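From first to last, the protein sequence lines are chains A and B.
First residue of the first sequence? That's 402 in the working numbering, and the numbers climb one at a time after it.
First residue of the second sequence? That's 402 in the working numbering, and the numbers climb one at a time after it.
Ideal Cβ positions, reconstructed from N, Cα and C, are used throughout, including at glycine.
The model shown is predicted, which means the values in this text are computed figures rather than measured ones.
One structure is given below, encoded as structure tokens.
Number of protein chains: 2
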Amino acid sequence: MNYKIDNLQYCKWSREVFKINHEAGLDAVHVTVVYHEDFNEFNSKIEEWNSHFKENADLIFLGKSYKDIEKAKIEKKTAIFFGFQNCSPIEDDINLVEKIYDLGCRFMQLTYNNQSLLATGCFENFDSGVTNFGKEVIKEMNRLGLVIDMSHSAEKSTIDAINLSQKPIAITHANPTFWHAVKRNKSNELLEILSKNDGMLGLSLYPHHLKDGTNCTLESFCEMTAKTVEIMGINKVGIGSDLCLHQPDSVVEWMRNGTWSKSKNFGEGSKKKAGFPKQPEWFVDARGFLNLDKGLSKVGFNKNEIDGILGNNWFNFYKRMN
Amino acid sequence: MNYKIDNLQYCKWSREVFKINHEAGLDAVHVTVVYHEDFNEFNSKIEEWNSHFKENADLIFLGKSYKDIEKAKIEKKTAIFFGFQNCSPIEDDINLVEKIYDLGCRFMQLTYNNQSLLATGCFENFDSGVTNFGKEVIKEMNRLGLVIDMSHSAEKSTIDAINLSQKPIAITHANPTFWHAVKRNKSNELLEILSKNDGMLGLSLYPHHLKDGTNCTLESFCEMTAKTVEIMGINKVGIGSDLCLHQPDSVVEWMRNGTWSKSKNFGEGSKKKAGFPKQPEWFVDARGFLNLDKGLSKVGFNKNEIDGILGNNWFNFYKRMN
Numbered sequence: 402m403n404y405k406i407d408n409l410q411y412c413k414w415s416r417e418v419f420k421i422n423h424e425a426g427l428d429a430v431h432v433t434v435v436y437h438e439d440f441n442e443f444n445s446k447i448e449e450w451n452s453h454f455k456e457n458a459d460l461i462f463l464g465k466s467y468k469d470i471e472k473a474k475i476e477k478k479t480a481i482f483f484g485f486q487n488c489s490p491i492e493d494d495i496n497l498v499e500k501i502y503d504l505g506c507r508f509m510q511l512t513y514n515n516q517s518l519l520a521t522g523c524f525e526n527f528d529s530g531v532t533n534f535g536k537e538v539i540k541e542m543n544r545l546g547l548v549i550d551m552s553h554s555a556e557k558s559t560i561d562a563i564n565l566s567q568k569p570i571a572i573t574h575a576n577p578t579f580w581h582a583v584k585r586n587k588s589n590e591l592l593e594i595l596s597k598n599d600g601m602l603g604l605s606l607y608p609h610h611l612k613d614g615t616n617c618t619l620e621s622f623c624e625m626t627a628k629t630v631e632i633m634g635i636n637k638v639g640i641g642s643d644l645c646l647h648q649p650d651s652v653v654e655w656m657r658n659g660t661w662s663k664s665k666n667f668g669e670g671s672k673k674k675a676g677f678p679k680q681p682e683w684f685v686d687a688r689g690f691l692n693l694d695k696g697l698s699k700v701g702f703n704k705n706e707i708d709g710i711l712g713n714n715w716f717n718f719y720k721r722m723n
Numbered sequence: 402m403n404y405k406i407d408n409l410q411y412c413k414w415s416r417e418v419f420k421i422n423h424e425a426g427l428d429a430v431h432v433t434v435v436y437h438e439d440f441n442e443f444n445s446k447i448e449e450w451n452s453h454f455k456e457n458a459d460l461i462f463l464g465k466s467y468k469d470i471e472k473a474k475i476e477k478k479t480a481i482f483f484g485f486q487n488c489s490p491i492e493d494d495i496n497l498v499e500k501i502y503d504l505g506c507r508f509m510q511l512t513y514n515n516q517s518l519l520a521t522g523c524f525e526n527f528d529s530g531v532t533n534f535g536k537e538v539i540k541e542m543n544r545l546g547l548v549i550d551m552s553h554s555a556e557k558s559t560i561d562a563i564n565l566s567q568k569p570i571a572i573t574h575a576n577p578t579f580w581h582a583v584k585r586n587k588s589n590e591l592l593e594i595l596s597k598n599d600g601m602l603g604l605s606l607y608p609h610h611l612k613d614g615t616n617c618t619l620e621s622f623c624e625m626t627a628k629t630v631e632i633m634g635i636n637k638v639g640i641g642s643d644l645c646l647h648q649p650d651s652v653v654e655w656m657r658n659g660t661w662s663k664s665k666n667f668g669e670g671s672k673k674k675a676g677f678p679k680q681p682e683w684f685v686d687a688r689g690f691l692n693l694d695k696g697l698s699k700v701g702f703n704k705n706e707i708d709g710i711l712g713n714n715w716f717n718f719y720k721r722m723n
């Protein structure tokens, strides 16, 4: 069986978006439920999602394990997996890790761009690695089967997390720096360590992570994929598009600034390009998976390999989580 | 005018404790209001303090500036200055810095023993220094006149804070490592930098910070004071006793563990010595200031110098805060 999985989206959720993902043939999507929200605010987000599940029961349902991806395939729906891009909902309380798991969370970044209580983000000047509290949280996440996601983390913190974790970790949405050297992308060395420890990389389609940004070509993206597979192996690479479909620019401003600064921080953008960047025309939304299929074929991947990259590799990773 | 100031206590507050401080002649005490409490919990603590102020109006009142120390001297009362030993009450929100200031907070540690969102604590393995959020918070604390306290912070973080801050910072309760080399005490190099930047050190009477612990002699403590004054100058050294009078052992366990670990952490103690250590007999409570007076005289300090160490130096620091 072949599965199609986008392992990171943070869209402005609506029936229209769920339809697009359905049309794209996605069996599962890992969705970002929160960034900077605390535990109570996460609970409010769940209420919003419960409404989505009720109103769109013909298209989506909450996924909790790989079996829900199998179910989604059979029922022609998309399983929605909850994830966090920051650890804010566990606040400073180890006991909240089990609570967020029970509420459906399956992926949690230990950091967003800044230092968290657990580890260092990629926009800090110094990286102290996984903290005392971080070590305790990793043990707890391992025990529960909650995936450690280091997409926005700094390098030492990420290597620490890989070494400390008893289970494979994920970088759900990032690209290699050999292709596009920005803070959010990852070094060859890190990708090798990730792969050796059975971890996964989800390649990002977010323009700030792409060579030439919005003007990145499908060919260039697929050639980068081929080189990344050379580093990590054919089974460790998937897609985590980082699609932020229909989100207003105020959202990317909030993602970057949260409530930590009185002056405006532009993160990966700049004062002149402060908003969401425009997607490349070959990946405007998840229906771009069809273009990836063609593009990957053109650079020499066979059908089995393409199926792996477009979903089966993530499916097998989800299987290993259990 | 001479002032007597203990610039750190975390007692189990009661009329009895306020009477002891009064008997000791303390014109001002910087009290720890919270460790790991969030903003709402800090508000609950204020309610407790409001009861104390009401029920003990003949002994104490809330201090907000050096003028309240002068007022306390005239009225023969003790001015109580609020401080935090961790930055938990500002959560991840820069806007809460002004709110805690408005609610009376005058000292805030950027970290307790572990990594915080602002800086690194002295019990972490790696010290990344002041974080992005930390830099913003320092600016805001400077603007308001809220003192940065680095007593429990790691060395690089402390030096960062000294360099980033436009105003003098404080180490309200710690001793030099040349005398007793433990993680919570401070290196000569750090004390020199602190002093050069017009910062203050409050010498601690907490047994884990003392050479020979509970058995530390008054003579040894006063000799250490003399050497510290050689490093920092006569105007930069005061007392921050770290007295935890009448607190049950459950409190020190909570101070160390908060909610960050499922296994028990013994901090400065050990499994065999998990509770609060016994105070040296010459400093059982604040009335020990009288012994310090005698002891400092014996090691060669004159009256003016002793008055500085026992309160006037802190008074002048409070004056510089405004």
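Cβ-Cβ distance between residue i and residue j below 8 Å
i, j, result
"Val435(A)", "Phe485(A)", "yes"
"Gly639(B)", "Trp715(B)", "yes"
"Lys584(B)", "Ile572(B)", "no"
"Cys623(A)", "Val700(A)", "yes"
"His553(B)", "Thr479(B)", "no"
"Ala562(B)", "Glu525(B)", "no"
"Pro608(A)", "Gln680(A)", "yes"
"Leu646(A)", "Asp686(A)", "yes"
"Phe684(A)", "Gln648(A)", "no"
"Lys405(B)", "Gly426(B)", "yes"
"Gly709(A)", "Asn636(A)", "yes"
"His574(B)", "Ser605(B)", "yes"
"Glu463(B)", "Ile481(B)", "Reading off the sequence shown, one finds Leu at residue 463(B), where the question assumed Glu. Yes, the Cβ-Cβ distance between Leu463(B) and Ile481(B) is below 8 Å."
"Phe508(B)", "Asp469(B)", "no"
"Leu591(A)", "Ile570(A)", "no"
"Leu409(A)", "Asp643(A)", "yes"
"Thr629(B)", "Leu697(B)", "no"
"Gly603(B)", "Gly641(B)", "yes"
Boundaries (first-last residue) of the beta strand (DSSP E) holding residue i
i, result
"Asn408(B)", "Ile406 to Gln410"
"Met509(A)", "Cys506 to Gln510"
"Thr479(A)", "Thr479 to Phe485"
"Ala425(A)", "Taken as a continuous stretch (DSSP letters only), Ala425(A) belongs to no beta strand (DSSP E), as it is neither H nor E."
"Ile461(B)", "Ile461 to Leu463"
"Gly696(B)", "Note, Gly696(B): premise wrong, no beta strand (DSSP E); alpha helix (DSSP H) at Phe690 to Lys699."
"Leu519(B)", "Here Leu519(B) belongs to no beta strand (DSSP E), and DSSP marks it neither H nor E."
"Met601(B)", "Met601 to Leu604"
"Val638(B)", "Val638 to Ile640"
Neighbourhood of residue i by C-beta distance below 8 Å, restricted to the same chain and skipping five residues each side
i, result
"Val728(B)", "Because chain B in this structure spans residues 402 to 723, residue 728(B) falls outside the shown range and cannot be described."
"Phe534(B)", "Asp493, Ile495, Leu518 and Leu519"
Cβ-based neighbour list, residue i, same chain, cut-off 7 Å, excluding 5 preceding and 5 following
i, result
"Ser529(A)", "Thr521"
"Cys523(A)", "Asn514, His553, Ser554, Ala555, Lys584 and Arg585"
"Asn589(A)", "Pro577, Phe579 and Ile632"
Beta-bridge pairing of residue i - partner residues as DSSP gives them
i, result
"Asp550(B)", "Gln510(B) and Ala571(B)"
"Pro577(B)", "Lys587(B)"
"His431(A)", "Phe482(A)"
"Leu644(A)", "Gln410(A)"
Endpoints, alpha helix (DSSP H) assigned at residue i
i, result
"Met722(B)", "Asn714 to Met722"
"Ile539(A)", "Asn533 to Leu545"
"Ile560(B)", "Glu556 to Leu565"
"Trp683(B)", "That residue, Trp683(B), is in no alpha helix (DSSP H); it is neither H nor E in DSSP."
"Thr629(B)", "Leu619 to Met633"
"Met656(A)", "Asp650 to Asn658"
"Ser445(A)", "Phe440 to Glu456"
"Lys500(A)", "Asn496 to Asp503"
"Asn703(B)", "Asn703(B) -> no alpha helix (DSSP H), and no H or E assigned at all."
"Tyr467(A)", "Tyr467 to Glu476"
Same chain, Cβ closer than 6 Å to residue i, five either side skipped, listed in chain order
i, result
"Cys617(B)", "Leu611 and Pro681"
"Lys568(A)", "Asn543"
"Asn457(B)", "Arg416 and Phe419"
"Tyr719(A)", "Tyr467"
When you check each C-beta in the stretch 490-501 of chain A against every C-beta of chain B, which residues fall closer than 7 Å? Close to chain B, meaning a Cβ-Cβ distance shorter than 7 Å, are the following residues of the stretch 490-501 of chain A: Asp493, Asp494, Ile495 and Asn496.
Listed in chain order, which residues of the stretch 451-479 of chain A have Cβ atoms closer than 8 Å to some Cβ of chain B? none
If the cut-off is 9 Å on Cβ atoms, which residues from the stretch 657-678 of chain A count as contacting chain B, listed in chain order? Gly659, Thr660, Trp661, Ser662, Lys663, Ser664 and Asn666
Beta carbons nearer than 8 Å to chain B: which residues of the stretch 428-442 of chain A have them? Those would be His437 and Asp439, in chain order.
In chain order, what residues of the stretch 520-540 of chain B put their CB closer than 7 Å to some CB of chain A? Thr521, Phe524, Glu525, Phe527, Asp528, Ser529, Gly530, Thr532, Asn533, Phe534 and Glu537
Interface positions of the stretch 573-592 of chain B facing chain A (Cβ-Cβ less than 8 Å), listed along the chain: none
Residues, ordered as in the chain, of the stretch 507-519 of chain A that lie near chain B by beta-carbon distance below 9 Å: Residues of the stretch 507-519 of chain A with a C-beta atom less than 9 Å from some C-beta of chain B are Asn514, Asn515, Gln516, Ser517, Leu518 and Leu519, listed in chain order.
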